[in-house]
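Undergrad:
Number of protein chains: 2
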Amino acid sequence: MIIDCHGHYTTAPQQLQDYRDAQIAHFEDPSKPAPELKHISDDEIRESIEKNQLRALKERGCDMTIFSPKASAMAHHIGDEAVSKTWTRINNDLIKRVTDLFPDNFFGVCQLPQSVGVPVKNSVEELERCVNELGMVGCNLNPDPSGGHWNGPPLTDKAWYPFFEKLVELDVPAMIHVSGSCNPNFHHTGAHYINGDTTAFMQFLEGDLFSDFPDLRLIIPHGGGAVPYHWGRYRGLADMMKKPALSEHIMKNVYFDTCVYHQPGIDLLFEVIDVENILFASEMFGAVKGIDPTTGHYFDDTKRYVEALDIPAADKQKVYEGNTRRVFPRLDEALKARGL
Amino acid sequence: MIIDCHGHYTTAPQQLQDYRDAQIAHFEDPSKPAPELKHISDDEIRESIEKNQLRALKERGCDMTIFSPKASAMAHHIGDEAVSKTWTRINNDLIKRVTDLFPDNFFGVCQLPQSVGVPVKNSVEELERCVNELGMVGCNLNPDPSGGHWNGPPLTDKAWYPFFEKLVELDVPAMIHVSGSCNPNFHHTGAHYINGDTTAFMQFLEGDLFSDFPDLRLIIPHGGGAVPYHWGRYRGLADMMKKPALSEHIMKNVYFDTCVYHQPGIDLLFEVIDVENILFASEMFGAVKGIDPTTGHYFDDTKRYVEALDIPAADKQKVYEGNTRRVFPRLDEALKARGL
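The listed protein sequences derive, respectively, from chains A and B.
In terms of the working numbering, the first sequence has 250 at position 250, counting the first letter as 1, and numbering is strictly consecutive.
Take any residue in the second sequence, count from 1 to its spot, add 340: that is its number in the working numbering.
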């Protein structure tokens, strides 16, 4: 079985974006009409998935995707907490409809109603709703709700602890995933995403989060940002900062996905990172949608890169399935209930 | 000849830091004594270099270092423009003394008197002084003088143009190098440096800077941040954004150094980046000062990694010398004048 642990609903019907546009317009000028989500039919959802993610999933020989709302559209820096809450619920409810329509191919991961200056513990309620009522298996946690201004506390700050406690209690992982950037210095998918990944890892290195939360599981997407490429730097920094080895200090709790869009990058990832810490993913459809002229294949068809690795089949199976079922126990449980 | 294009004077005599401490104290509370730089003797400078950078340079079989003030200590976010100017001149004058004492082994690159909210064109005067009067061959340009708040304009903004014009006129390159971080989200050498590199590259990708400055040469240090690891992502983003291929759009003007502290990272760098765009460097002594327990050698002894590459000797020579002389024509000229 091949599970893609990182896919986004970037192809939702137009009514979703129309709602968001109206919501923002109303927030900025309350004299404008209150936003209203126009009905989205099951057929519209089916079409948006069948023609896109499900088609590509099948073409590429994968079985299922752990699916979440479009990451750049979470935009926790827009509006206020109430705006974020409403927008988040709508997105999560839509993911639930996708997973109900395609139960064999999609499992849900939720967005959170984070908002600038609002304690992340206020996101616990929506996490519980999504996990306990909507059957979701994890969440995307934004380490920078400001959208590129990074004016909140680092992930190792006690302010995040109530949320981490809930993740452990519910036994679900979080993917550390920034959203859109409102800072003109940072292109979202080309700088902010990758910087967010690198930043989160270094925060874990500086801190001691996993001593406090030995059962917490966090995924750093996009192949761990810059971290595997600079693995020597991080090993050396841990040494200079008198921290335990990275294998002990961080890598019992942190996983990198395979959203790296060329063979040499995937080769490096598997060369330096223990196979137990790698989860298969494509980010489909995410940052890069085109075809690589040097290969003739889609940049984000990351299965091709993994297939090309000269590693044992058992290791590939860990990356495709085993590790992901271990990191997402609620997914594992659901699959087992189906005899899978 | 082996030239290390990226070294910092991180071992300056204590008087320098004492001055800085007093300068900051006086800025914060003008009733405190005005700062005064205590005399630093030639012998003190000799000792600080001979025991450290020069020793390691010789032990590692290198010939010279392009040398600049300690990057994290530039700290353009501290004080105001006057504070930055004074601090910068003191640091640059000290580099000049190093290069006068060790003319065979050190060439100077200057720090700039950038300051938050101050136009970078105000740094032109110090650049001219350092190049024309102190014989320096380049500069370190901070893309984020705020120290991790990124509240200035991106490098492609017209605000930077007067400075780029001067770089072209003087025919010197700039290394795009952030300084210390005052944002608790970003560890300086583990997150802010690498993020700064990645961010700068993506700004160049989004913009069209090198159409306006076809002769501008910029170095992105630390192996180009996350860029080579995610080279497929950047090629794909250029394609999606209807930009020319990276080889045309960016890589005629941008160079990556070899400050990547493990063999797999250096292997990847040379696999994906054209050898013409790679400059040998160690950042000595910079982010990571220890010994890698897996190799028994210093993490930052990057020559070992380059030596281990299975590439033609002529390519190594480009990285060690040829490219660097091309990117730093004033260095090349000075070496030629000595018959080198």
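We put the beta carbon where it would ideally sit given N, CA and C, even for glycine.
1. Considering only C-alpha positions, which residue in the set B:Asp358, B:Asp444 and B:Arg400 is nearest to Ile380 of chain B?
2. What does DSSP give as the partner residues of Thr439 of chain B in its beta bridges?
3. To test your reading of the DSSP string, which unbroken beta strand (DSSP E) runs of 3 or more residues are found completely within the stretch 417 to 473 of chain B?
4. Since I believe Asp440 of chain B is in contact with Arg670 of chain B (beta carbons under 8 Å), could you give me their beta-carbon distance rounded to a whole number of angstroms?
5. Just checking His26 of chain A against the ligand FMN - is the residue's beta carbon closer than 7 Å to any of the ligand's heavy atoms?
6. Does the beta-carbon of Arg575 of chain B have 16 or more other beta-carbons within 10 angstroms, so that it is buried, or is it exposed?
7. Residues of chain B with a CB under 8 Å from the CB of Asp292 of chain A: which are they?
8. Near Ser48 of chain A, which residues of its chain fall below 7 Å by C-beta distance, leaving aside the five closest residues on each side in sequence?
9. If we cut at 8 Å on Cβ distances, does Phe596 of chain B have a partner in chain A?
10. So, at 7 Å on beta carbons, what are the nonlocal neighbours of Thr198 of chain A in its own chain, with the 5 sequence-adjacent residues on each side left out?
11. Quick check on the DSSP output: what are the complete beta strand (DSSP E) runs of length 3 or more inside the stretch 487 to 555 of chain B, in order along the chain?
12. Under a Cβ-count criterion, where at least 16 other Cβ atoms within 10 Å of its own Cβ denotes burial, should Ile311 of chain A be classed as buried or exposed?
13. So Cys5 of chain A packs on Ala281 of chain A, CB below 8 Å; how close in whole Å?
14. Considering only the alpha carbon of each residue, which of B:His417, B:Met476 and B:Thr428 lies closest to Thr405 of chain B?
15. Beta strand (DSSP E) containing Tyr595 of chain B: first to last residue?
16. Could you give the DSSP three-state label for Met64 of chain A: helix, strand or coil?
17. Under 8 Å, Cβ to Cβ, is there at least one residue of chain B near Leu209 of chain A?
18. Could you spell out the range, first to last residue, of the alpha helix (DSSP H) harbouring Ile364 of chain B?
19. Near Ala287 of chain A, which residues of its chain fall below 6 Å by C-beta distance, leaving aside the five closest residues on each side in sequence?
20. Where does Ile220 of chain A sit, in a helix, a strand or coil, going by DSSP?
21. State buried or exposed for Ser412 of chain B, treating a residue as buried only when at least 16 other CB atoms are found within 10 Å of its CB.
22. Is Pro264 of chain A helix, strand or coil when you go by DSSP?
23. In terms of residue numbering, what span does the beta strand (DSSP E) encompassing Ile380 of chain B cover?
24. Look up Cys139 of chain A in the DSSP assignment and give the residues it is bridged to.
25. Check whether the Cβ of Phe639 of chain B lies closer than 8 Å to any Cβ atom in chain A.
26. Where do the ends of the alpha helix (DSSP H) carrying Asn645 of chain B lie?
27. Can the beta-carbon of Phe625 of chain B be found less than 8 Å from the beta-carbon of Gln393 of chain B?
28. Compare the C-beta of Asp672 of chain B against all C-beta atoms of chain A and say whether one is closer than 8 Å.
29. Let me make sure I understand the geometry here. Which of B:Asp555, B:Lys461, B:Pro513 and B:Arg400 has the alpha-carbon closest to that of Ala499 of chain B?
30. Measure the alpha-carbon distance for Ser408 of chain B versus Val518 of chain B and round it to whole angstroms.
31. Are the stretch 580 to 589 of chain B and the stretch 428 to 444 of chain B touching by the rule of at least three beta carbon pairs closer than 8 Å?
TA: Checking against the coordinates, here is how it stands:
1. B:Asp358
2. According to DSSP, Thr439 of chain B bridges with nothing at all.
3. 446 to 448
4. No, Arg670 of chain B and Asp440 of chain B are not in contact; Cβ-Cβ is about 16 Å, not under 8 Å.
5. This structure lacks the ligand FMN; in fact it carries no ligand of any kind.
6. buried
7. Gly572, Arg575 and Gly576
8. Thr11, Ala12 and Pro13
9. no
10. Gly225, Ala226 and Val227
11. 514 to 516
12. exposed
13. 5 Å
14. B:Met476
15. Val594 to Asp597
16. strand
17. no
18. Gln354 to Glu368
19. Thr189
20. strand
21. buried
22. helix
23. Premise fails: Ile380 of chain B is in no beta strand (DSSP E) and is neither H nor E.
24. A:Cys110 and A:Ala174
25. yes
26. For the record, residue 645 of chain B in the displayed sequence is Tyr; it is not Asn. Its alpha helix (DSSP H) spans residues Thr642 to Glu647.
27. yes
28. no
29. B:Lys461
30. 13 Å
31. no
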